[in-house]
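Numbering (the numbering used here), first residue to last: 1 to 284.
Note that the Cβ used here is the ideal one computed from N, Cα and C, for glycine as well.
All figures in this text were calculated on a predicted structure; none of them were measured in a lab.
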Ligand code: ADP
């Protein structure tokens with residue numbers, strides 16, 4: 001079970017004076033259960049790539065398969081049931097007069113009874129921490145964080161197996177950011193494949209098991225956070241930075257003369273310090 005991309009090339013507005021090649025020769029396989037972060041400087045092709053995974057964009061050349069099934073016009077509806085997309089600032093897409101109706105919209109074509117619809121909505125709302133007391137409110141009455149949750153809930157009601165997200169934490173305050181990332185981790189632990197675009201290297205390092213770096217419409221690097229963030233010069237040449245914690249431990253490694261492994265998460269950093277103390281290499 002996976003999303004497989006074969007020789008994907010994509011050009012916006014082909015054969016016009018505005019023609020723009022956005023993706024070149026992408027070959028990729030994302031397995032079910034992975035938590036993948038797609039990073040890269042602005043205009044590197046991240047969003048264009050993700051929009052191919054559920055048929056929002058159609059490849060100019062190449063193919064995309066979801067669980068072995070090639071995405072074609074005819075199966076788009078089934079593919080989108082399986083592969084959900086949360087846009088950047090998803091709350092901008094809320095439109096119905098009540099929160100409940102907005103969330104229910106995504107289920108319209110599922111052929112569920114009213115009772116089943118209600119159950120699904122309550123389950124998804126609980127998952128995202130959206131208070132059921134808000135169901136009959138107008139979306140305009142919600143706070144920023146509540147709106148974001150309602151919008152995410154509208155995608156999760158379909159119970160997608162693959163979840164694509166374009167900058168899900170953007171515009172949220174630090175608490176909202178943390179909650180959003182924790183929620184995605186929880187979903188991933190339940191088996192949902194998460195593929196997200198992020199500009200925060202710290203968030204990426206804390207959450208993703210795999211990082212894909214885009215550059216000029218191509219995959220420049222693909223590996224674990226430890227592999228990707230092990231070379232600040234290379235990352236810098238791609239217009240990116242390494243996580244703060246990675247920088248800190250690099251500086252510590254250089255100053256102390258201790259040869260330390262690449263650290264990309266707080267938990268790794270804590271474990272490493274404890275190990276150094278217990279080995280007597282770091283005196284308290
Ligand atoms: P990223 O998500 O990494 O910022 P995008 O996938 O949005 O990059 O864009 C890749 C390239 O395609 C950029 O050069 C961008 O200007 C161009 N592009 C994106 N969307 C459109 C569009 N709708 N029409 C024309 N060109 C576009």
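Quick check on the burial criterion: 16 or more other C-beta atoms within 10 angstroms. Buried or exposed for residue i?
| i | result |
| --- | --- |
| residue 288 | Residue 288 lies beyond the residue range present for the chain, which begins at 1 and ends at 284; the question has no answer from this structure. |
| residue 31 | exposed |
| residue 277 | exposed |
| residue 42 | exposed |
| residue 261 | exposed |
| residue 174 | exposed |
| residue 14 | exposed |
| residue 80 | buried |
| residue 149 | buried |
| residue 44 | buried |
| residue 198 | buried |
With DSSP run on the structure shown, which of helix, strand or coil describes residue i?
| i | result |
| --- | --- |
| residue 2 | strand |
| residue 69 | strand |
| residue 9 | strand |
| residue 129 | coil |
| residue 24 | strand |
| residue 162 | strand |
| residue 105 | helix |
| residue 260 | coil |
| residue 54 | coil |
| residue 269 | helix |
| residue 222 | strand |
| residue 242 | coil |
| residue 33 | coil |
| residue 140 | helix |
| residue 298 | Missing from the structure shown is residue 298; the chain here goes from 1 to 284 and no further. |
| residue 110 | helix |
| residue 236 | helix |
| residue 249 | helix |
| residue 122 | helix |
| residue 63 | strand |
Could you please give the first and the last residue of the uninterrupted alpha helix (DSSP H) stretch that includes residue i?
| i | result |
| --- | --- |
| residue 214 | Note, residue 214: premise wrong, no alpha helix (DSSP H); beta strand (DSSP E) at 210-215. |
| residue 178 | 174-189 |
| residue 149 | 144-156 |
| residue 76 | 76-82 |
| residue 97 | Careful: residue 97 lies outside any alpha helix (DSSP H) and carries neither H nor E. |
| residue 169 | Careful: residue 169 lies outside any alpha helix (DSSP H) and carries neither H nor E. |
| residue 205 | 201-207 |
Check this for me: beta carbons of residue i and residue j, under 8 Å apart or not?
| i | j | result |
| --- | --- | --- |
| residue 35 | residue 188 | yes |
| residue 172 | residue 153 | no |
| residue 88 | residue 170 | yes |
| residue 240 | residue 201 | yes |
| residue 9 | residue 27 | no |
| residue 96 | residue 121 | no |
| residue 134 | residue 83 | no |
| residue 55 | residue 76 | yes |
| residue 4 | residue 29 | yes |
| residue 205 | residue 160 | no |
Check for me: the beta strand (DSSP E) holding residue i runs from which residue to which?
| i | result |
| --- | --- |
| residue 280 | Note, residue 280: premise wrong, no beta strand (DSSP E); not H, not E. |
| residue 193 | 193-197 |
Can you pull every residue whose C-beta falls closer than 5 Å to some heavy atom of the ligand ADP, listed in chain order?
-> 12, 20, 22, 42, 43, 44, 45, 46, 47, 48
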